[in-house]
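Working notes, structure below.
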Amino acid sequence: MMIRLGIIGCGNMGGAILRQWLKAGMFQPEEVIAADKNPTLREKLQKELGVTVTSDNRQAAALAPCLLLAVKPQYAPAVGKEIEEALKQDALVLSIMAGYDMNMLHALLKNDQAHIIRVMPNTPAMVGEGALAACRGQYVTDEEWQRGMKLLSCMGLAEEVEEKWMDAVTGLSGSSPAFVFMFLEALSDAGVRAGLPRALATRLAAQTLVGSGKLAQETGLHPGQLKDMVTSPAGTTIEGVAALEKGGFRAAVMDAVDAAVQKSRSFHA
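The numbering used here puts the sequence shown at residues 421 to 689.
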């Protein structure tokens, strides 16, 4: 069977995306070649998933009509030099490299007409509940775009965005799982402080976050309205809300997202 997908960079996100695509039947293991410099990771992928693995990025670029670039931004220049001559001219390239805009990607690949879809996923894609934003390069055909969005949709919510919004997306949904996990840890700690066993506190807190997100999605109500549904006059919740406001909770969250946005912008300033 012919190779249909190449992946360069098989760490947390690259590996997670590959697993989701295989799970969804988007590709068969024998259609995939995965390139990574880490021999331990290559061996694990080959044994677990049955895909072809290589340490040669050029091999993955040369064989695949669809290529996922999933390396960290600091490694991109070296990867670009390796694959610029090997990459098929009409290959569909999906890049999840934070901060690398379309102009930078075209320059990296030494191809002004490369077919590029720029993607910002987040770690919940590992369990098929990701928030993924994608912007379409100028030379991506309608068929390629539909195929790309189908690939992304099997990992969660996939939204088309203008490229000018990608830094904001990076800060909001790309980085924010870390902020959510900090909140989850704090909720669990609070439960333990109040006398709950750690495992129970974490399960309750995690399900509360899952359920709250689903409630917001399915009702379409403003978050403020959903908050008010829980907040009874002179009740327990309003006391907690007041404590959060006193601690500058909302301002801290906004500042955290803004800091991540600014860092993303700095990559292509």
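The beta-carbon is built from N, C-alpha and C at its ideal position, and this holds for glycine as well.
The structure displayed is predicted, hence computed values, not measured ones.
Run the CB neighbour count on residue i, radius 10 Å, all protein chains shown included, and call it buried at 16 or more, exposed below.
i           : result
residue 678 : exposed
residue 541 : buried
residue 463 : exposed
residue 531 : buried
residue 713 : Because the chain here runs from 421 to 689, residue 713 falls outside it and cannot be looked at.
residue 472 : buried
residue 521 : buried
residue 465 : buried
residue 505 : exposed
residue 587 : buried
residue 684 : buried
residue 564 : buried
residue 644 : exposed
residue 429 : buried
residue 630 : exposed
residue 442 : buried
residue 525 : buried
residue 595 : buried
residue 578 : buried
Rounded C-beta distance between residue i and residue j? I'm assuming under 8 angstroms.
i           : j           : result
residue 515 : residue 551 : 17 angstroms between Cβ atoms; not a contact.
residue 591 : residue 681 : 3 angstroms
residue 469 : residue 497 : About 29 angstroms; that fails the 8 angstroms criterion.
residue 612 : residue 621 : 5 angstroms
residue 650 : residue 657 : 5 angstroms
Is the beta carbon of residue i less than 8 angstroms from the beta carbon of residue j?
i           : j           : result
residue 687 : residue 490 : no
residue 427 : residue 545 : no
residue 690 : residue 528 : The chain is shown from 421 up to 689; residue 690 falls before or after that span and cannot be answered.
residue 493 : residue 543 : no
residue 486 : residue 455 : no
residue 488 : residue 434 : yes
residue 484 : residue 453 : yes
residue 635 : residue 624 : no
residue 447 : residue 478 : no
residue 481 : residue 461 : no
residue 632 : residue 618 : no
residue 534 : residue 513 : yes
Can we say the region 572-591 touches the region 600-615, given the rule of at least three CB pairs closer than 8 angstroms?
no
Quick check: the region 554-563 against the region 527-544, are there 3 or more CB pairs under 8 angstroms?
yes
May I have a chain-ordered list of the beta strand (DSSP E) segments no shorter than 3 residues that lie completely inside the region 512-553?
512-515, 535-540
Quick check on the DSSP output: what are the complete alpha helix (DSSP H) runs of length 4 or more inside the region 606-668, in order along the chain?
618-639, 643-650, 656-666
At what residue ranges does the region 426-476 contain a whole run of the alpha helix (DSSP H), taking only runs of 4 or more?
432-443, 459-469
Threshold first: 3 residues or longer. Then list the beta strand (DSSP E) segments lying entirely within the region 560-601, N to C.
576-580
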